[in-house]
Every structure is written in structure tokens, then in C-alpha cells.
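There are 4 protein chains.
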Amino acid sequence: MDFNYSEKSLDLQKRLHKFFEEHIYPNEQAYDLEIEESGNSLHIPQILDKLKDLAKAEGLWNLFLPDIEYGAGLTNVEYAPLAEITGKVWWAPEVFNCSAPDTGNMEVLYDFGTEEQKEEWLKPLLEGSIRSCFAMTEPDVASSDATNISSSIVSKGDNYIINGRKWWTSNAINPRAKICIFMGVTNPENAPHQRQSQILVPMDTEGISILRPMQVYGYDDGYTGHPELLFENVVIPKKNIIGGEGLGFKIAQARLGPGRIHHCMRAIGMAERALELMINRSLSREAFGKQLADQGVIQEWIAKSRIKIEEARLLTLKTAWLIDTYGKEEAKIEISSIKVTVVEAASYVIDKAIQTHGAMGLSQDTPLAKMAAGARVLRIADGPDEVHLRSIARREINKHR
Amino acid sequence: MDFNYSEKSLDLQKRLHKFFEEHIYPNEQAYDLEIEESGNSLHIPQILDKLKDLAKAEGLWNLFLPDIEYGAGLTNVEYAPLAEITGKVWWAPEVFNCSAPDTGNMEVLYDFGTEEQKEEWLKPLLEGSIRSCFAMTEPDVASSDATNISSSIVSKGDNYIINGRKWWTSNAINPRAKICIFMGVTNPENAPHQRQSQILVPMDTEGISILRPMQVYGYDDGYTGHPELLFENVVIPKKNIIGGEGLGFKIAQARLGPGRIHHCMRAIGMAERALELMINRSLSREAFGKQLADQGVIQEWIAKSRIKIEEARLLTLKTAWLIDTYGKEEAKIEISSIKVTVVEAASYVIDKAIQTHGAMGLSQDTPLAKMAAGARVLRIADGPDEVHLRSIARREINKHR
Amino acid sequence: MDFNYSEKSLDLQKRLHKFFEEHIYPNEQAYDLEIEESGNSLHIPQILDKLKDLAKAEGLWNLFLPDIEYGAGLTNVEYAPLAEITGKVWWAPEVFNCSAPDTGNMEVLYDFGTEEQKEEWLKPLLEGSIRSCFAMTEPDVASSDATNISSSIVSKGDNYIINGRKWWTSNAINPRAKICIFMGVTNPENAPHQRQSQILVPMDTEGISILRPMQVYGYDDGYTGHPELLFENVVIPKKNIIGGEGLGFKIAQARLGPGRIHHCMRAIGMAERALELMINRSLSREAFGKQLADQGVIQEWIAKSRIKIEEARLLTLKTAWLIDTYGKEEAKIEISSIKVTVVEAASYVIDKAIQTHGAMGLSQDTPLAKMAAGARVLRIADGPDEVHLRSIARREINKHR
Amino acid sequence: MDFNYSEKSLDLQKRLHKFFEEHIYPNEQAYDLEIEESGNSLHIPQILDKLKDLAKAEGLWNLFLPDIEYGAGLTNVEYAPLAEITGKVWWAPEVFNCSAPDTGNMEVLYDFGTEEQKEEWLKPLLEGSIRSCFAMTEPDVASSDATNISSSIVSKGDNYIINGRKWWTSNAINPRAKICIFMGVTNPENAPHQRQSQILVPMDTEGISILRPMQVYGYDDGYTGHPELLFENVVIPKKNIIGGEGLGFKIAQARLGPGRIHHCMRAIGMAERALELMINRSLSREAFGKQLADQGVIQEWIAKSRIKIEEARLLTLKTAWLIDTYGKEEAKIEISSIKVTVVEAASYVIDKAIQTHGAMGLSQDTPLAKMAAGARVLRIADGPDEVHLRSIARREINKHR
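In C-alpha cells, the structure reads:
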């Protein structure tokens, strides 16, 4: 195990830190204010576009993509600390063209797309001129088990006819989201894991309706929101299928490994930020004649936060290293493990940071409540924790059978 | 200890249950829909007013007030199970004129108000024709220690001049909130607990500005919301003071005992509702070839939820019984204890109910996310849990000194 | 729900407290010392017998037995607070002839024994002139499911021939234990719950060997110890069967309800004692320039201990009241609930009391380590917690099916 | 960060594993049996000496000592996985001359001893021909704060006169323990951290009495036990002082860094063993018609155990790497962190392994109960967890002051 960061990664970390200090943190309030003042909850702040231009100009762009030609050419271990930094502000990853679900979608196109598909969709995505969404989860089935997916993709001549209801389709409400990767059943007669396919659905195709925004607690997440969508007899040319019929489950699995590293490291970034806020608050507030920072209970929160963050980061780095070195198959236990433990760690730290801030910690005046909501989602997204624990246990038990 | 419910309480429980079955649950969606369709997040749904009329007509009104003439004349033990029922839907307490902060304000007026104050403000509050707010917490100080309150109430001739910044002033944004109980410093030279006073401030007085709504996890709670307020040179006649100068702290303490029973029992109502939703979901959903209700992990959640709810309810009833029998002073340890443990229990149950629902549990499609936010607030409101634990410990330790 | 204690119970509580202050606590060290100095780990201290005589003389005897002729004639609610007091010193229940498994055995004989069986065994047990044991658990099967019991009781003429291996047979090593209630299979062809019988086996019968003492951590519990026993072709007259063939499971269930109240209240007694020790230690020890009692972390332990004990006691009293009022069948969820939650509470308090004492807390210098071991056993005895949680969940879920 | 094991470490791991498979595990029962059959709880089993000879012959000896001449010449990262293996059986470290407190004592002599002291005591310790003890903790003071130590070492001519009471002096009861490192106050007038000294006290000096063995949960740990000792006017020549007067605190600190790595890695070894036992038990036991290994609750225990062990190991390895690379001063937060988190992880795994075994798990029939006791001690030894959490917090907070 070697978690040493390369020179390249260290250099990017330094530049990214600087970018945050100079451009992101100073604009956190401006970002919120611009949306509020627009009177339109779906408004895309101009400051976002300015920051994107700046990041692109500074070469802080597409850092997630391991291909050196299309992206930054970083290994997972090299990219991990960069993902951590971008996690400190919830809307920051997009500034560097590193936000979900675009990153996963770009990886899928890069790995499985035809040249034509890459030209039409991967290129503008890498340039950041369009955004994308991923229509997977369905309201009517337990999507933690992907074989439950019930939307249909039916062959008819040169086309497929798509029908289904999807929700939590992040970005779909964004007018810049031009393309959707849609998962549905093409071959119901196949074995369970070979029934689904993924297909590219341009968002301006007839038959797609945005039914309503889904909320997380009271957040609808504006232009990045997660609406429920209805696909009714949507006609898509056959060439839009990704990889081929029956590969849907395989492609869905493929995005999970690096994607897991990304969102876990971003969650660690949230946790570090929350710890920083907790400590600063504890230094600036007094109760019962003593600074909060001098009170034993809060000191325990701070110490336990530090321990949990350290452990979570080390296990995520080990997972990244395993993927880089031996491939995803050899890292299955760890990929599931970080799903559970990183979010638990982050949730703990954020919760204690909120408590240290009092009611303010739950309000719009700190990023903490939004972080808490984000962390809570992660206990469900990509399959609830319980499914992953079960999977870890079965692998452990099988070693002894 | 005798937690038997009187005939009167049992009868009211039965009628309240029936009212919920017939009128509240069937209107939960209508309530949300009416606000959504109004396009005005501050809209007060007409269905609310209809239900209030109905409740009043059925004698399910002012149940909280122990005075038999003004209210229902119930003891705390008798009222507790009614408060539990009203907690099952977050906006339901108002239907029975039993919602905070109006209940606490009415109690204060009943206990400390002059005849003139009662006539002008208590009467319409009891009739439900107006609403009220309580301006206590301030953004700039740790309000968990009430002696930190810094707003000023300065005597000038026949008037007081009020200045200060308050937040989390629930209801203040409601156009029907005609009166505010304001807490501030009248006598800075007094001993710490005799510096504050409470005064009645009509909300249409010049000098009061609503600065902005405060959010809790993205919720602004519409017409019941909790804005930040600025009081600038607000002139209020001296007769509006409650009780007299220097009684502010004492009056603030007085509302805490029964108020604690109310909100704890409502939290238990939330927890019972969440458990019900969890079980129903577990019976209607399958994963990996087995009903959720047959899966060991979810069974443990359900069993532990039942245990936690039972314990929380028994301790709250004991506290109610202690207050009824020996008075609040003798119930101090318990009044602090339920603050901490009831919310912990409710938070556990709600969290597991959310997890059982998957992403839907975090959305607007169940009442669970709103409940989770409400429970989180209760770990901070009325003083953070840590302050109450400290107070319990000091009393326990003092028994052995 | 009415948890008021009767005059009778209050009077006994007072006398029992006095007895502990005057006779039990002052002899705690003498008890240990006498065993140590005897050089025989199975030695029965003379001080025990003296205290038993004293307790008998003062009418503090057989308090557990609800029959007024044979015992004290107390309801479960009345006896509960007495059991709590006796739990404060691990060997104290025997002083009042209220120790397991004798109490359960006496109840079984009282409820199911013939007149002859009562005369021969119940009478001397009630007098305290003999002791007894209960041979149920077997090393080779999961005894949490009583239908797994595999020892055989085979009819042969006027006798039964008994074969089997039992362990954790508390008291069996005590030379005063003259009688054993043995559970085994008489009717393997019956339905699973009607295969077992219970039979009275005099301990001096040929064919019984004590194989070895079982330890809990490093404790063997001396004369009250829990050996592994071998029964080889033990011949017992048929009249010794209790109740009749096939009633073994039913009789085993019958002892569980009141027995659960007893051991849960004793566990609460342990917890109260541990809290007392924790507070006293925190008042007598300083670290880093401050009394432990003034340190926030320890204050939280004390406060949470108080809350957990209160909740555990209330739920146990409710369970006792349910059994008294509606019978055991109506109290099934609660009987399982207290199994889990009381021990969890006691374990928490004891653990924190140990931590407050440092290494001394783990040694023979306080009763805490022995308590911790006792509490740990209770998470397994009478079926592991997980079995009880499962059973609670199934009952809760069935309400909604 | 580079946790790659060197060829040398990998080779030793392999040989150590083999040694355990061939010699340690097969003798676990024989070891217990030999002591039991000797009728002497202090008996040193002959099998231990045979295994020591074997280990020495195979070069698996003094692995802990980083000096290549005296020991194996391993870095902390290289030794860590070896310490983990030795932790799997509680008495195994001594087989490889790697058991506490001998290892710490040898390190102290190596780092601070004079040539004469090394010749007389270090040499036979390294050969394993004698054992040693460390008299630090005192019954009358909070030894978590080393400046509280109150034993006196008074200069008188060419000698020191030593007086004091010590306890938890592991090994002191062992007849082979020929030498004791004693900590006491030589210079009461100095600044608090310069008052103490450490001195070599031959155990056959007049004036040393073994008062009694201290127990941990009923265990006295036989010949490795932890007695209370009285030192009365013990006369020791001045040349026996280690390093010089006033260096006691500094020397005590010096042993903590690598010592922490050692005991944490051994605790991880215990946890791995416990997990193995838990899985094997779950595969061999059925309840309610299903193998334990197929039950969701037990699967969660197994999965969470794996995650906790992984995290604990990674953080310990990082700490070892920090010490190797930057020195102990730069690893202070981590050295405290692993104290807390490794033991928490191990305690969790051991507790669940016990629960999976039922009552057997608490008995002498598995190593689990002994492990649980060992893990519980580690929450107190070297200073209670709370002291370490406080120290972590202060360092974290200081980064932001």
C-alpha cells in the first residue's frame, strides 16, 4: 500500500486550495444571493459560469477523467485528494467540470460509447458546454436491486420506443442538460442481469415530461434538482444504445467504483469543512462563563471528529489504491465499506458542528444543514447502506465456507 | 405514581382519534396542494380554517389550558395523550388552538396578565381569531443562557423604547399574528436573573421589520415561519409590561414545564406515526426476494423503536404526573430528562423510517423528512441538550455532596 | 396504569433499606474475606447464614412469592422495588431467600407440584434449609430455542431413565443444592412444544457427575457456580415428573414472566449502585486541576445514567403492572422489551462507573467488575437479546398485517 | 504515506503465521490445561519454555527492537503486522520475547541505560533468561496525570531510599522477574515534569512486599499477574538510576510511542481472531431454521467488524509510518487517536463474537472473554481514553487559534 501523492497530484492540490481561497469561499454568499435575487429558484448564477471559465483557464478542468488526452490523466489515488477539496462547497465540483452525474456519464461514454456518440455528446460535456442526467431510479420498485428496473425500451424498426417513470434524475431540470442516459429493459426474456440496456436520450425528444421537482428535506437544489420524469412513447434511434443490448447492468456497475471514490472523498471534504466550522465556532462563543473550546463535551466531539475523518480518508485512499493497482473486482469489500463508513463519519461531524452552532447551524447561515441533507442522501443513494453491509458480510463469510 | 387517564381524558382521546381519522389524515395532501397551487409560500390554507371551525364546534378546542373556564381544565397527565395525538401531523395542533408559541403565550397571559391585557389579547387568542409570536432568541448571543439576552427595553415617560434583533420568532410572518411577547433588558443594574422583562408588542407598531425568513433544512415553514426581526425604537405604553419589570426570566421559566410536556408528547406522536409508516412500508416492499418486514435488520429497527417510544412516553407521563402532584420545582430533573431522551427516541424512529422508505423518505412524499427536521430542531430549542444534561448531573451530584 | 406502591410494599422497602444499611453493606468485605481466607473457593461464608437468620427473624423472607400463605403475598408491582434493593449486592438476594434459580423453582413447585412434591421439596426450599438448581441449557444445541433441548427422559416401568449433558446449572456445585429440576424430552413423537417434560431429580441420585465449573470472564461464582453436568442413566421414579409429560415447555414459559421482573429490577438495583459509586468517585478524585464531578464529560455520563435508569425502571414497573392486571399474555412485548433495555441501561451505567474509577474499577476493590460480568450474562441468559427483539418486531408487525 | 511492507517484514509475517499454525494454536488448550492440572495458579507452563526455545531457534526473537544488533532491526511499519499476529493468543507475545512490560523496559535500557546497566539487565532480558516489571501506577493518585506520582526516591549517601505503594505491576509476581523499573519522586522542588526519576530495583532487595494480586473481571493472569506492591525503605545504589535525576517523566513518555503501536496492533490481532471465531460460529450454528450466517443482524455485525478493523489497522499503520518518518512528536494526535479507536473497534468485534457464541462466549471455552477483559483494560491503561481525546482536541483547536 502506497498512498504517496505524485508530484502532479500535489501540485494540483496546491492550486486547487488556492483557487478555493481566492475564488470559491469568497463567492459562497454571492452565489446564494444571486439565486435569491433572481426570484427564480432554477436560476443558474452567472458567478458559476465565471468561475468555470477561470478554472478551465487555470487547467483545473476534467480532473476526474483518468485518460490523459480527454482529462487530467490521474489515478484514483491522485484524484482523491482533489475530490476532497471540491467537496468543501456543495456546488463547487461543477466549477471544475467534476460534478455528478456528468462525471459518471462522461466515463460511460468514454468507456462504452461509439465514436459518433463521443463526438456528439462526450465532447460538449468535456467542454462543459452542456450538462447531462442519468435516469435510473424508479418510484415503483426497490431500485437498490437494479434487476427490478421496469421501464421498457422496445425495439421497433430502426428505433426504440421508451416508456417509464423515473425520479431523482439530477440535473434533468437544468435547461443545459441536453442528454440523458436512460436505463430500461430491452430483453425481458434474458437472465436477470442481462435484461437492461442504457441508451442516449436527447432531452428535447418528444414524450419526455418533467412532472415535479423532488425535495430532500426542504431543498429542491435549484437547477441541479432531481425531478420525477415521465417517458411516454419516446422514439430514439437504435444507434443511441450504449455498448449494445443487455449491457445495462454491467455499465451501471462500471460507474460505481471510481464514482464511489469521488463522492466519498467529497464527503470527507464536507466533514473537514464542518470540523473547521465547529472549531472556529467553539473559539468564538462562550456559555456559562467558559469558551465552548474549553468545554469537555465539545472537546470530545472535536477529537472524535478528527479520528473518524482520518479513518474514513485512509480507507478511501486504500480503496482508490486497490482499484488503481488490482482493479475494481479486488476492491469490492472496500468499495462497499467506504459507502457506509465515510458517510457515517461525515454525518457525525456535521451533526456535532450543527449542535455547536445552535439554531444557526440548521439555517441558511452556514453550509452545515445543506451538508447534513447531502450526507443523509448518501446513506440511501447507490443502494442503502444495509445492502452494502450485507454484501460485505457475504464476502467475508465466503472466505470461511 | 398513577398514570391512569380520567374518563374525561379517555373520552377526548377517542374523539380526537376520530377527528384525525375523519378530517386530518384525509386532508394532509389537500393542505400541501392548496399552498402549492396558491403560488404563495405564505398562503394560509382554507382547509385549515374549516378544520378549526369543525374542531371548535366539536369541543376539541383549547385543550391545553388547565383552567376549566378558559380551557379544557385538564391536568398535564390528562392532556399529555391528547398532545401526542396532535403531534402526528405537524400542522394539526393549530386546528385545536393548541399550537406553539400561542399556547405558551396564552399561559403567560393567563398567569401573569392584567385584566385589560387578558381582555385585549388572551380573549381573541383563545377564540383563535388572532395568532401571536414570542421574540426571545437573539442572533448575537448564546440564548441557551437567558441572562445573555441583550435587547433593550428603556423606560421613557409613559412608554418603553424597544431596540433589538431577534430571530426564530415563529409565527411573526403570519399576517394573523397581531401580538408579540418580547423579552429584553429593562434593569441592567439588577442581578443577572432580574434584569429582563417581557412586554406585549402589537405587531403593527412602527419600527418592527421582518428581515428575512429563517430556514431549517431548506424548510421555511410558510405562514408559521421563524423570521429574523429588527426592533428599532419601537414605542410601547408601559401598561403593556407583563407582571412587572425584572420578571422576564421568571416568566420565561414558567412556560417551560407544561410546554416541555406538550412538545415531548407531540414528538412521541411523531415517533408513533413514523413507526406506523415504517411497518407499513416494510409490509409493502420486497428486496432480494423477501418482504422487508421479514428481514432481521428491519425487525431490529422496529423492535428498538417500540422500546424507545414506550420508555420516552412513560418518562414524559411521570414528569406530567410530578408537575401535577408536586409542582415543577420537584420535577426539574425529569423536565430536563425528557427534553433529551424523547427527542433522541423520536429521531431514531424517524431516521429508520426514512431509511426503510429509501429516497422517498427524504422527499415531500411522506411526512418523515419534515419530522426529522422538527426533531433536529428540538435538540437545540429551549436550550441545547448539553445544557440540560449538565443541569441533571449537577442535581444528581448535589444529592451526594 | 397505576404504579403507586401499597403501604405494605412501602413498609418492606423501608425495612429492607435499613437492613442493607445495617447488615449488608457493612459485611460486603467480610463476605469476600471469609471466602478468601477459607482457601476454598466453594466455601459458603458463615456471615451469609447469620444474615439469613436475621432476615428471616425480621420477616424479610420469601418476599418474591405472591401467595400470602407461603410467601409475602405481594403483587409484581409491590415486589419490584424490593427486588431492586436486593440487586445492589450480588449475593444479597439469597439472604432473603429470593435468589435465582431457587425462586423460579419454588414458583414451579407452587404452581405445578403435587402435594407430595411440595411437602418434600417446596417446604425446605421456603425454609431455606436446602437449595436447588435448574438443568435446562445444553452445550450442544442453541438453547435460545427451547425446542432444541435434546436430553432424554425415557419411561421404563415405574421410572424414568435420564441421560444428557447440561451446563450453566447454577447452584449445582453447592452442597446444599439437594434437588434439581431437569428438562428433557419424554415424547419425541409429539409436536415440538409438547415433547419436553420437567422432572425433579435429587442431586444425590447415582449417575450425576459435575464435570467442571463454568466461568464468566474469570469468575466461577463459588458455591453459586454454574457447572457442566453429566446425567448418565439416572433413574428417577415417575411420580417426580412435574405436572405431567409434555408440559416442559409450558412450565419453562411460566417462570419467565415474574422471573424477568425480578432480574430486571435487580439489574436496576445494580445500576443505581453503580451510579452512586460513580458520583462518589467523581467527588473524591481530581485530574488536571479539577474535580471529576466538575468535568463536562463525566457530567454527561451521570446525566445519561440517570435518564436510562429512570426509563428502564418505568418500563419494568409497567410490565409488572400489566402482568398483575391483565396477565402475562398481554405483557409479551413488554416482557421482551425490558430484557433488552434494562440490561443495556445497566451496562452503560456500570461501564461509565468503571471508567470513572480507572483500573480500580476493573478489580476486586469495587463491585463494579462483577456487576459488568453479571450484566453481560443477561444479554444472553433467557435467550439472547436478538431473539427477543425479533419477537417484539413480529408482534408489532402483526398489528398492521 | 507508504505502508508497503519490506521483503524482510513479509518474510517474517509468513514465518510467524506458520509458527502460529504449527505451534501456538495447537497448544492453546495444553497451556490452559497444564496450569489447571498443576493446581498452582502461578505455574509457568513448560510448553511456554519449549515454544520460546523453538521461536528463538527459528529467529523469531526480539522482533520489536529496532536495533539490528540487539533485535530484529525493524521499523515500526515493518514490526506492526508481526505484533498483530502475536496478539491472536494472549500469552503468545512472550514466546517471541515480545511481551509487555519487558519490551518497554528493554527499550528504556537500550535508549537510556549505562553500559553496566545494559550488561547486567538488558542482556539477560534480550536472552529471555529473566523477566521484568514496571512499577508506575499508584493506588492513591490519578496516575493518568504522571505528575501525580507520589512514591519517594530519597538520596542518602551513595544510595537512594525508596518508599511507596504501587499496583498493576504486571509480571511482579513472576519468580523470573528479577528487575523492576521503579518511578518515583527524587526532586520534589523541581518543575512538575522534572520531579520524577526511574530507577532499577532488583526484585530480591529487602523491603519489597507483594501485598496481593489484582484481578481484572475475576482474572488474576497467573504468573503474568499485576500485584499491589509495597516498597518500604528499599535501599538501592545510586548507579541504578536511569539516565539521571529528573528524567522520569521524559523516559515514561519515550516508551509510549512504539508501545502504543505494539499494543494497538496486538488488539487488532485479537479483533481479527474474534471475527474469525464469529464467522466460524455463524457457519456452524442454526437458530429458528436458518444458519446464523444467513441472518441479517449477524451479517451486519460481521460487515461492521470488517470495516472497523480495516480502519483501525490503517490508522495504526499511518501512525507507525509517521513515527518512522517524522518522529513521535509529529505523530502525537495519531498516537492518541489509535489508543481510543483501535480498542473501540476491537471491543465491538469481540462483544459481537461473544454474543454469537451465546453463554459459551463468556466462558473459558473460547478466548473471547479473556480478550474482552484485555480490551476493557486498554480503555484505561496508559491513561483513560478521555485524557487522550482531550489532548487530541487541544491540538486540533490550537491549529485554529
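The listed protein sequences derive, respectively, from chains A, B, C and D.
Note that the first sequence covers residues 0 to 400 in numbering that gives the first Met the number 0.
Note that the second sequence covers residues 0 to 400 in numbering that gives the first Met the number 0.
Note that the third sequence covers residues 0 to 400 in numbering that gives the first Met the number 0.
Note that the fourth sequence covers residues 0 to 400 in numbering that gives the first Met the number 0.
Just so you know, even glycine gets a beta-carbon here, dropped at the ideal spot from N, CA and C.
Since the structure is predicted, the reported quantities are computational estimates derived from the model, not experimental observations.
- Cα atoms of D/Arg305 and D/Gly326: separation of roughly 30 Å, rounded to the nearest angstrom.
- Counting along the chain, the unbroken beta strand (DSSP E) around C/Ala176 starts and ends at Ala176 to Val184.
- Between C/Trp89 and the set C/Ala251, C/Leu47, C/Ala79 and C/Arg14, the nearest pair of CA atoms involves C/Leu47.
- Checking the DSSP bridge columns, you'll see D/Val348 has no partner listed.
- Within the region 279-296 of chain A, those residues whose Cβ lies closer than 8 Å to any Cβ of chain D are, in chain order, Asn279, Ser281, Leu282, Ala292 and Gly295.
- The beta carbons of B/Thr168 and B/Phe133 sit closer together than 8 Å.
- Bounds of the alpha helix (DSSP H) holding C/Asn279 are Leu255 to Ser283.
- A direct Cα-Cα distance of roughly 10 Å separates A/Leu210 from A/Phe230.
- The closest CA to that of C/Asn279, considering only C/Arg265, C/Cys263, C/Met264 and C/Gln298, is found on C/Gln298.
- For D/Ala79, the enclosing alpha helix (DSSP H) starts and ends at Asn75 to Thr85.
- Under the Cβ distance rule, A/Ala302 does not count among the residues neighbouring chain B, no pair being separated by less than 8 Å.
- Under the three-state reduction of DSSP output, D/Phe18 falls in the helix class.
- DSSP, reduced to helix, strand and coil, places C/Phe230 within a strand of the structure shown.
- Exclusion of the five residues before and after C/Glu115 leaves Lys238 as the residues of its chain whose Cβ lies within less than 8 Å of its Cβ.
- Just so you know, the alpha carbons of B/Phe2 and B/Gln12 end up roughly 15 Å apart.
- Near chain B, meaning a CB-to-CB distance below 8 Å, no residue of the region 5-25 of chain A qualifies.
- Judged by DSSP secondary structure, B/Ala91 falls within the alpha helix (DSSP H) whose first and last residues are Ala91 to Val94.
- The region 368-387 of chain C and the region 333-353 of chain C touch, with three or more beta-carbon pairs separated by less than 8 Å.
- Under the DSSP assignment, B/Tyr325 falls outside any beta strand (DSSP E), being part of the alpha helix (DSSP H) whose first and last residues are Gly295 to Tyr325.
- Within 10 angstroms of the beta-carbon of A/Lys289 lie fewer than 16 other beta-carbons, which makes it exposed.
- For the region 86-172 of chain A, the full-length beta strand (DSSP E) segments reaching 3 residues or more read 130-134, 151-155 and 158-165 along the chain.
- For A/Arg400, the number of other beta carbons within 10 angstroms of its own is below 16, and it is reported as exposed.
- In this structure, the beta-carbon distance from D/Trp166 to D/Thr146 does not fall below 8 Å.
- Between B/Ile353 and C/Ile396, the CB-CB gap reaches or exceeds 8 Å.
- Annotation for C/Val200: the continuous beta strand (DSSP E) segment containing it runs Gln195 to Pro201.
- With a cutoff of 8 Å on beta-carbon distance, B/Arg375 and A/Leu276 are scored as not near each other.
- Judged by DSSP in its simplified three-state form, B/Ile396 adopts helix.
- Residues of chain D whose Cβ lies closer than 8 Å to the Cβ of A/His399 are, in chain order, Glu275, Ile278, Asn279 and Leu282.
- Contact of C/Asp1 with chain B by beta-carbon distance below 8 Å involves Met0, Asp1, Phe2 and Asn3.
- The C-beta separation of C/Glu83 from C/Gly268 comes to about 4 Å, placing the pair in contact by the 8 Å criterion.
- The region 206-225 of chain C and the region 213-221 of chain D touch, with three or more beta-carbon pairs separated by less than 8 Å.
- Taking D/Leu108 as the centre and dropping the five residues before and after it, the same chain places the C-beta of Gln116, Lys117, Trp120 and Leu121 closer than 7 Å to its C-beta, in chain order.
- When 8 Å is used as the limit between beta carbons, A/Ile332 is near these residues of chain D: Arg305, in chain order.
- If you check the CB distance, D/Leu314 and D/Ala79 do not come in under 8 Å.
- Any Cβ of chain D closer than 8 Å to the Cβ of A/Glu299 would place that residue at the interface, and such an atom is present.
- Under the Cβ criterion of 8 Å, B/Thr74 is not counted among the residues facing chain C.
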